[in-house]
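Protein chains in written order, with this note's numbering: chain A, 90 to 159; chain B, 3 to 260.
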Amino acid sequence: MSVKVSINGTTHSLSESSTVADAAALFGVTPAECGIAAAVDGRVVRRRDWASTTLTDGSTVEVVRATAGG
Amino acid sequence: MADDLVIADRTFSSRLILGSGGFRSLDRFSAALAASGSDMVTVALRRVETTEGGLYEAIAAGGATTLPNTAGCYTARDAVLTAQLGREALETNWVKLEVIGDERTLLPDAVELLAAAEQLVADGFTVLPYTNDDAVLARRLESAGCAAVMPLGSPIGSGLGIRNPHAIAMVREAVSVPVVLDAGIGTASDAALAMELGCDAVLAATAIAKADDEPRMATAIAAAVAAGRNARLAGRIPTRLYADASTTGIGTPELTSR
Numbered sequence: 090m091s092v093k094v095s096i097n098g099t100t101h102s103l104s105e106s107s108t109v110a111d112a113a114a115l116f117g118v119t120p121a122e123c124g125i126a127a128a129v130d131g132r133v134v135r136r137r138d139w140a141s142t143t144l145t146d147g148s149t150v151e152v153v154r155a156t157a158g159g
Numbered sequence: 003m004a005d006d007l008v009i010a011d012r013t014f015s016s017r018l019i020l021g022s023g024g025f026r027s028l029d030r031f032s033a034a035l036a037a038s039g040s041d042m043v044t045v046a047l048r049r050v051e052t053t054e055g056g057l058y059e060a061i062a063a064g065g066a067t068t069l070p071n072t073a074g075c076y077t078a079r080d081a082v083l084t085a086q087l088g089r090e091a092l093e094t095n096w097v098k099l100e101v102i103g104d105e106r107t108l109l110p111d112a113v114e115l116l117a118a119a120e121q122l123v124a125d126g127f128t129v130l131p132y133t134n135d136d137a138v139l140a141r142r143l144e145s146a147g148c149a150a151v152m153p154l155g156s157p158i159g160s161g162l163g164i165r166n167p168h169a170i171a172m173v174r175e176a177v178s179v180p181v182v183l184d185a186g187i188g189t190a191s192d193a194a195l196a197m198e199l200g201c202d203a204v205l206a207a208t209a210i211a212k213a214d215d216e217p218r219m220a221t222a223i224a225a226a227v228a229a230g231r232n233a234r235l236a237g238r239i240p241t242r243l244y245a246d247a248s249t250t251g252i253g254t255p256e257l258t259s260r
């Protein structure tokens, strides 16, 4: 079984029980990295919870970084 | 004598806040940061794949703290979530709150801004809102619990300076929290004027990032901020319609017969 998840605007097919950490890993990002954050379905998921937060079918994930601007 | 900037529970030695957007490279940003003497830099949040790392480290290396912002948000809902992402990313509950109304002007949407400010204050944030040069709105933001207000001098990136100095002076009179002139600074004299009007600090981004010589402009604007601050504290003379001779007329010699 797999789940369809929107990650930063692109739909990905991930294996069931994939986590926020797996989604971030698509970009080579780990929760240890400075200046990174993620939200699932409009709610921030703390970095320490990435590995234990599973994604469900239809989840929308945003993985962002602090960058130049403003 | 120290003349530190105090916002909420933090003290800053510089009254110039640096924006990080628009620089040609990370190295040039770092050089400008060093020249500016700034100890606070605002940063945006964007999807990871569109960005490069290293800015956070460059800011830390420059001895400054990061102030996450909500640049690009059009609704209170998006701004609140972006602020929460910034808090998670940078481990700070400070946020420069931006909620804009349209892409062409980048002017704040006052209704959404106030709503977002109220929600973020309730969520424990120290909120520094980018706002219109509107004394009444500034007072509403202060009442909502904002730690400072950041009125615009003119539209973001326009370099038009302070188009309505009177309005900035009224914002200064309207609130007791720090006033940070945000947006519109084009060159050093704009920053000096902001401080002379009573602003507590100036935020500059494009004026420095897009200058031909970024560190030199950072130096110039920092000096202007200091000069304007001194002039404000020194107490300027009132303006008058007619001349007021600085030399007494008493004792003027009569050199030609009338």
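Just so you know, even glycine gets a beta-carbon here, dropped at the ideal spot from N, CA and C.
Just mark residue i as buried or exposed, buried being the case when its beta carbon has 16 or more other beta carbons within 10 Å.
i                      : result
residue 240 of chain B : exposed
residue 58 of chain B  : buried
residue 72 of chain B  : buried
residue 132 of chain A : exposed
residue 15 of chain B  : exposed
residue 245 of chain B : exposed
residue 117 of chain A : exposed
residue 134 of chain B : buried
residue 252 of chain B : exposed
residue 94 of chain A  : buried
In terms of residues, what are the limits of the alpha helix (DSSP H) holding residue i?
i                      : result
residue 179 of chain B : Here residue 179 of chain B belongs to no alpha helix (DSSP H), and DSSP marks it neither H nor E.
residue 217 of chain B : 216-236
residue 190 of chain B : 190-198
residue 79 of chain B  : 78-92
Taking DSSP as the reference, what is the three-state secondary structure of residue i?
i                      : result
residue 139 of chain B : helix
residue 68 of chain B  : strand
residue 54 of chain B  : coil
residue 48 of chain B  : strand
residue 118 of chain A : coil
residue 137 of chain A : helix
residue 255 of chain B : coil
residue 151 of chain A : strand
residue 127 of chain A : strand
residue 30 of chain B  : helix
Going by CA-CA distance only, name the one from the options that's closest to residue i.
i                      : options                    : result
residue 118 of chain B : B:21, B:135, B:105, B:98   : B:98
residue 123 of chain A : B:63, B:20, B:93           : B:93
residue 102 of chain A : A:151, A:110, A:91         : A:91
residue 82 of chain B  : B:66, B:101, B:53          : B:101
residue 39 of chain B  : B:199, B:9, B:206          : B:206
residue 164 of chain B : B:78, B:45, B:198, B:13    : B:198
residue 128 of chain B : B:66, B:233, B:250, B:12   : B:12
residue 232 of chain B : B:107, B:195, B:113, B:250 : B:195
residue 216 of chain B : B:200, B:238, B:189, B:201 : B:189
Query raised in the report: In the segment 38-57 of chain B, which residues sit with their C-beta less than 9 Å from some C-beta in chain A, listed in chain order?
Result: 44, 45, 46, 47, 48, 49, 50, 51, 52, 53, 54, 55, 57
Query raised in the report: Relative to chain A, which residues along the segment 14-35 of chain B have a C-beta separation below 9 Å, given in chain order?
Result: 21, 22, 23, 24, 25, 28, 31
Query raised in the report: Along the segment 210-235 of chain B, what residues have a CB closer than 7 Å to any CB found in chain E?
Result: Protein chains in the displayed structure are A and B, and chain E is not among them.
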